[in-house]
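Student: Quick one: this structure, given as structure tokens, is what I'll be asking you about.
2 protein chains.
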Amino acid sequence: MIEPYLLEELVAFSRTGTLAKTAQQLHVTQPTVTRGMQKLEDDLGVQLFDRQPNRITLTATGRHAAELATRLMAQHQAFSTQVQAFDHAQRVLTITATLPGPLLLARQIAQHTDQALSVTTTFSPIDQATDLLTTHQATLVLTQRELQTPTLESRYLGREKLAVNLDQFMYQANQTTVTFAELRGMSFLVLQDIGSWREVIQREIPQAKFLYQTQPSAFREITTYSDFPYFSTNLSRFDPHVATPTDHRVRRPIRDAAAQMPIYASYLKADRQRVKPVLAALRAHWPDD
Amino acid sequence: MIEPYLLEELVAFSRTGTLAKTAQQLHVTQPTVTRGMQKLEDDLGVQLFDRQPNRITLTATGRHAAELATRLMAQHQAFSTQVQAFDHAQRVLTITATLPGPLLLARQIAQHTDQALSVTTTFSPIDQATDLLTTHQATLVLTQRELQTPTLESRYLGREKLAVNLDQFMYQANQTTVTFAELRGMSFLVLQDIGSWREVIQREIPQAKFLYQTQPSAFREITTYSDFPYFSTNLSRFDPHVATPTDHRVRRPIRDAAAQMPIYASYLKADRQRVKPVLAALRAHWPDD
DNA sequence: AACAATTACGGAATCCGTAAAAATT
DNA sequence: AATTTTTACGGATTCCGTAATTGTT
């Protein structure tokens, strides 16, 4: 059985090219690496190096072994982190999402639940959702699409509906709803982290300009002291920081189909019983409008 | 970094259920396993076991860790074997196939080549072909279908064409070729190991009976002292053992499309230069008929 | 002269087995 | 009484660093 530290030395050597630099990188002495690579060759029963008095290089087999060792080391590392993640997931039910809106509601729920609930502050691309669940980095992922695999299942929660907040004297505000087309060419204040909504507004509103703000505090300040329109959804009300009573804008829902997203909760089938009360709470507090 | 022997002990324990049996299975003493599992918990920083004075059981995390460890150990094992296989493949070009016919020709080639060529005696299902190549267990796989992946490529070699050897006095022998339909209900002597041909004849010949023989020697003997028809192909001539001059049967090619198979040579793109002369030899010796 | 790899030697850490203890079935 | 786990102790293996050697650039 090959010892991991030998694989580590091999991988390091394949990157540095000399035993001296390898030793330096691993914080050991040269003789240690020399002996290590000799032992690795001996354990495998294979020649990995071409040796000259002052120079040592990988053979073709050695390069292949280093390539395989790199992957194996990554999996080795993943083992520890996954075990620890699983252990953590047993005590804390972690919720993440691909959109900010559902996370706001989730945070609300978390405060009124006796269970240990952790709601992440950042969100991930939807193509990482499956990985987050199977590696137990999250127990619940809120997404705009269903995820169906042999070990995963999804449950529909409700819809997130986009609205735009316009200055009350703008002519587009003289109707109960608007369309993306009617927002053509306008400039919007947008928070940097709005997940999948970003591609929606960029795709649907022609020739629009988006002033992305990284800091939520800066976003609030600029909205207060300017007339730029900004977006919100039916889930924005759960944002504890967005309470701006002195807003001169009016909220106008967007009629387009693309302005609505169905939200699903995805989780491991093995966790079905654990997430059940959380799903019930999310559905119970989902706004009707 | 988790030591492999600790993972091995965990995997063994998850199967045996007690430390005593685990120790027995691994040929070590109980205290060794006790300390090992304590160290594993310590290294991972996670509780894997529920301990009672006379009983130790896996926690949920422990079961999950054992599951992950099982897979990791398999990959760990695969590392060594793959490095050794790669090393071996550098000196010996190994050819395998999904059909016996192309292998016969390959053996012929191997004798007239200066290069170190190894031709396997058994053949594998076609769905294992990709794995054989990527794990370097074979450098060349002869199959009836093309294999196309980012790292693999296939080259057409020729066709293998099925024929049936009938007693010269049978009425079906009164024509230059026959069809599968005309063989309806007959009984055939067939070698057990004929690869993908087996499903062809079973599917195409209605109500036929197949007398499968495991031993080639028994097959030859029965063909000699009986009148049962048997199959051969345009590649059978390369079989050094099948030279039976005193055969009372006549060879009749089968007309159906299903009685012909295109044969491709698949290999890693990285091996293209190495296999080039072998492919040329295979194509050069491929029979025209 | 500087650098890279290897070998030799001694110390330190670790891992194992034997023996003994504690507790359960 | 037999089985299972755990701890204690001593020995043996192994792994590492320092020092010295060899050979190259």
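These protein sequence lines are chains A and B, in that order. Start counting the first sequence at 1; every next residue gets the next number (this note's numbering). Start counting the second sequence at 1; every next residue gets the next number (this note's numbering). For every residue, glycine included, the Cβ atom is placed at its ideal position computed from N, Cα and C. Predicted, not measured: the structure shown is a model, and the values here were computed from it.
Just list the residues that DSSP pairs B:P4 with in beta bridges.
Tutor: For the purposes of this step, residue 4 of chain B is identified with residue 4 of the second sequence, where counting begins at 1. Partner(s): none; B:P4 has no beta bridge.
Student: For A:H136, which option in A:L279, A:W286 and A:Y267 has the closest C-alpha, if you only look at C-alpha atoms?
Tutor: In the first sequence, residue 136 of chain A corresponds to position 136, counting from 1. Here the closest residue by C-alpha is A:Y267.
Student: Looking at the structure shown, is A:T96 part of a helix, part of a strand, or coil, going by DSSP?
Tutor: Start at 1 with the first residue of the first sequence, and residue 96 of chain A comes out as number 96. Residue state, collapsed to three classes: strand.
Student: So that I know if they touch, is there some Cβ in chain A lying closer than 7 angstroms to that of B:F49?
Tutor: Stepping through the second sequence from its first residue, residue 49 of chain B is reached at position 49. Taking Cβ atoms only, chain A never reaches closer than 7 angstroms to B:F49, which makes this a no.
Student: Which residue spans inside the region 198-233 of chain A form an unbroken beta strand (DSSP E) run of at least 3?
Tutor: List check, beta strand (DSSP E) in window: 209-213 and 230-233.
Student: Would A:N174 be called buried (16 or more neighbouring beta carbons within 10 Å of its own) or exposed?
Tutor: Counted from its first residue, the first sequence places residue 174 of chain A at position 174. The residue in question, A:N174, is exposed, as its Cβ has fewer than 16 Cβ neighbours within 10 Å.
Student: Helix or strand or just coil, what does DSSP make of A:L48?
Tutor: As a working note, residue 48 of chain A is residue 48 in the first sequence. In this structure, A:L48 counts as coil in the three-state DSSP scheme.
Student: Find the nearest neighbour of A:A181 within the set A:R145, A:Q213, A:A218 and A:P206, judged by alpha-carbon distance.
Tutor: Locating residue 181 of chain A in the first sequence gives position 181, counting from the first residue. Answer by Cα proximity: A:P206.
Student: Under a CB-based cut-off of 7 angstroms, is A:Q38 close to chain B?
Tutor: Locating residue 38 of chain A in the first sequence gives position 38, where the first residue counts as 1. Closer than 7 angstroms: no.
Student: Any idea what DSSP makes of B:F188, helix, strand or coil?
Tutor: Walking along the second sequence from the start, residue 188 of chain B turns up at place 188. Strand.
Student: Using a Cβ-Cβ distance cut-off of 7 angstroms, determine whether B:A87 contacts chain A.
Tutor: For the purposes of this step, residue 87 of chain B is taken as the residue at position 87 of the second sequence. Here the sequence assigns Asp to residue 87 of chain B, which means Ala is not the residue at that position. Judged by the 7 angstroms Cβ criterion, B:D87 is in contact with chain A.
Student: Between which two residues does the beta strand (DSSP E) harbouring B:R249 extend?
Tutor: Here the question's residue 249 of chain B lines up with position 249 in the second sequence. Here the beta strand (DSSP E) through B:R249 covers R249 to P253.
Student: Taking Cβ-Cβ distances shorter than 8 angstroms, what residues in chain A pair up with B:P150?
Tutor: Numbered from its first residue, the second sequence carries residue 150 of chain B at position 150. Within chain A, no residue comes near B:P150; the closest Cβ sits about 15 angstroms away, beyond 8 angstroms.
Student: If I'm right that B:G195 touches B:P100 with Cβ under 8 angstroms, what's the distance once you round it to whole angstroms?
Tutor: Stepping through the second sequence from its first residue, residue 195 of chain B is reached at position 195. Stepping through the second sequence from its first residue, residue 100 of chain B is reached at position 100. At roughly 6 angstroms, the Cβ-Cβ gap stays under 8 angstroms, so B:G195 and B:P100 are in contact.
Student: So which residues of chain A does B:P100 contact, with C-beta pairs closer than 9 angstroms?
Tutor: Translated into the one-based positions of the second sequence, residue 100 of chain B becomes position 100. The premise fails here: B:P100 is roughly 31 angstroms from chain A at the closest Cβ pair, so nothing lies under 9 angstroms.
Student: Here's the rule I'm using: 16 or more other beta-carbon atoms within 10 Å means buried, otherwise exposed. How should A:L152 be labelled?
Tutor: Mapped onto the first sequence, residue 152 of chain A falls at position 152. A:L152 comes out buried.
Student: Measure the C-alpha to C-alpha separation of B:T139 and B:F123 and round it to an integer number of angstroms.
Tutor: Working through the second sequence from its first residue, we reach residue 139 of chain B at position 139. Working through the second sequence from its first residue, we reach residue 123 of chain B at position 123. Their backbone Cα atoms lie some 14 angstroms apart in a straight line.
Student: I'd like to know if B:L72 contacts chain A, where contact means its C-beta is closer than 7 angstroms to some C-beta of that chain.
Tutor: Your numbering for residue 72 of chain B matches position 72 in the second sequence. Chain A contact via Cβ: present.
Student: At the level of alpha carbons, what is the spacing between B:H88 and B:I95?
Tutor: Locating residue 88 of chain B in the second sequence gives position 88, where the first residue counts as 1. Locating residue 95 of chain B in the second sequence gives position 95, where the first residue counts as 1. Cα-Cα distance, rounded: 13 angstroms.
Student: Counting beta carbon pairs with one atom in the region 153-171 of chain B and one in the region 245-260 of chain B, are three or more of them shorter than 8 angstroms?
Tutor: Contact holds: three or more Cβ-Cβ distances are below 8 angstroms.
Student: Using a C-beta to C-beta distance shorter than 8 angstroms, which residues of chain B count as neighbours of A:Q84?
Tutor: As a working note, residue 84 of chain A is residue 84 in the first sequence. Per Cβ cutoff of 8 angstroms: L44, G45 and V46.
Student: Between which two residues does the alpha helix (DSSP H) carrying A:R91 extend?
Tutor: As a working note, residue 91 of chain A is residue 91 in the first sequence. Segment A60 to R91, the alpha helix (DSSP H) holding A:R91.
Student: In chain order, what residues of the same chain have a beta carbon less than 8 angstroms from the beta carbon of B:P125, not counting five sequence neighbours either side?
Tutor: Taking the first residue of the second sequence as 1, we reach residue 125 of chain B at position 125. Counting only Cβ-Cβ distances below 8 angstroms, and skipping sequence neighbours, we find T98.
Student: In chain B, which residues lie less than 7 angstroms from A:A60 when you measure between Cβ atoms?
Tutor: Counted from its first residue, the first sequence places residue 60 of chain A at position 60. Under the 7 angstroms cutoff, chain B gives Q90.
Student: With which residues is B:P240 paired in a DSSP beta bridge?
Tutor: Taking the second sequence and counting its residues from 1, the one referred to as residue 240 of chain B is at position 240. None; B:P240 has no bridge partner.
Student: Mind listing the chain A neighbours of B:A65? Cutoff is C-beta to C-beta under 9 angstroms, in chain order.
Tutor: If you number the second sequence from 1, residue 65 of chain B lands on position 65. Per Cβ cutoff of 9 angstroms: F79, Q82, V83, F86 and D87.
Student: In this structure, how does DSSP classify A:Q168 when only helix, strand and coil are distinguished?
Tutor: On the first sequence, position 168 is the one that residue 168 of chain A refers to. Three-state result, A:Q168: coil.
Student: Indicate the three-state DSSP secondary structure (helix, strand or coil) for B:R155 in the structure shown.
Tutor: The sequence position of residue 155 of chain B within the second sequence is 155, counting from 1. If DSSP states are grouped into helix, strand and coil, B:R155 belongs with the strands.
Student: Residue range of the alpha helix (DSSP H) that B:A265 falls in?
Tutor: For this step, residue 265 of chain B is matched to residue 265 along the second sequence. Taken as a continuous stretch (DSSP letters only), B:A265 belongs to no alpha helix (DSSP H), being part of the beta strand (DSSP E) at Q260 to L268.
Student: Do A:A102 and A:I263 have their C-beta atoms closer together than 7 angstroms?
Tutor: Residue numbering aside, residue 102 of chain A sits at position 102 when the first sequence is read from its first letter. Residue numbering aside, residue 263 of chain A sits at position 263 when the first sequence is read from its first letter. Note that residue 102 of chain A corresponds to Pro in the displayed sequence, not to Ala. It is a contact, given that the beta carbons lie within the stated cut-off.
Student: Under a Cβ-count criterion, where at least 16 other Cβ atoms within 10 Å of its own Cβ denotes burial, should A:Y230 be classed as buried or exposed?
Tutor: As a working note, residue 230 of chain A is residue 230 in the first sequence. Flag for A:Y230 reads buried.
Student: Whose Cβ in chain B lies nearer than 8 angstroms to the Cβ of A:Y5?
Tutor: As a first step, residue 5 of chain A is located in the first sequence; it is residue number 5 there, counting from the start. Residues of chain B passing the Cβ test: M1.
Student: Compute the Euclidean distance between the alpha carbons of B:A20 and B:L58, then round it to the nearest angstrom.
Tutor: The residue you call residue 20 of chain B lines up with position 20 of the second sequence. The residue you call residue 58 of chain B lines up with position 58 of the second sequence. Their Cα atoms are separated by approximately 15 angstroms.
Student: Does chain A have any CB closer than 7 angstroms to the CB of B:L142?
Tutor: Numbered from its first residue, the second sequence carries residue 142 of chain B at position 142. For B:L142, the answer is no, since every Cβ of chain A falls outside 7 angstroms of its Cβ.
Student: Have a look at A:G17 and B:R272 and give me their C-alpha separation to the nearest angstrom.
Tutor: Reading the first sequence from its first residue, position 17 is the one you call residue 17 of chain A. Reading the second sequence from its first residue, position 272 is the one you call residue 272 of chain B. Computed Cα separation, rounded: 28 angstroms.
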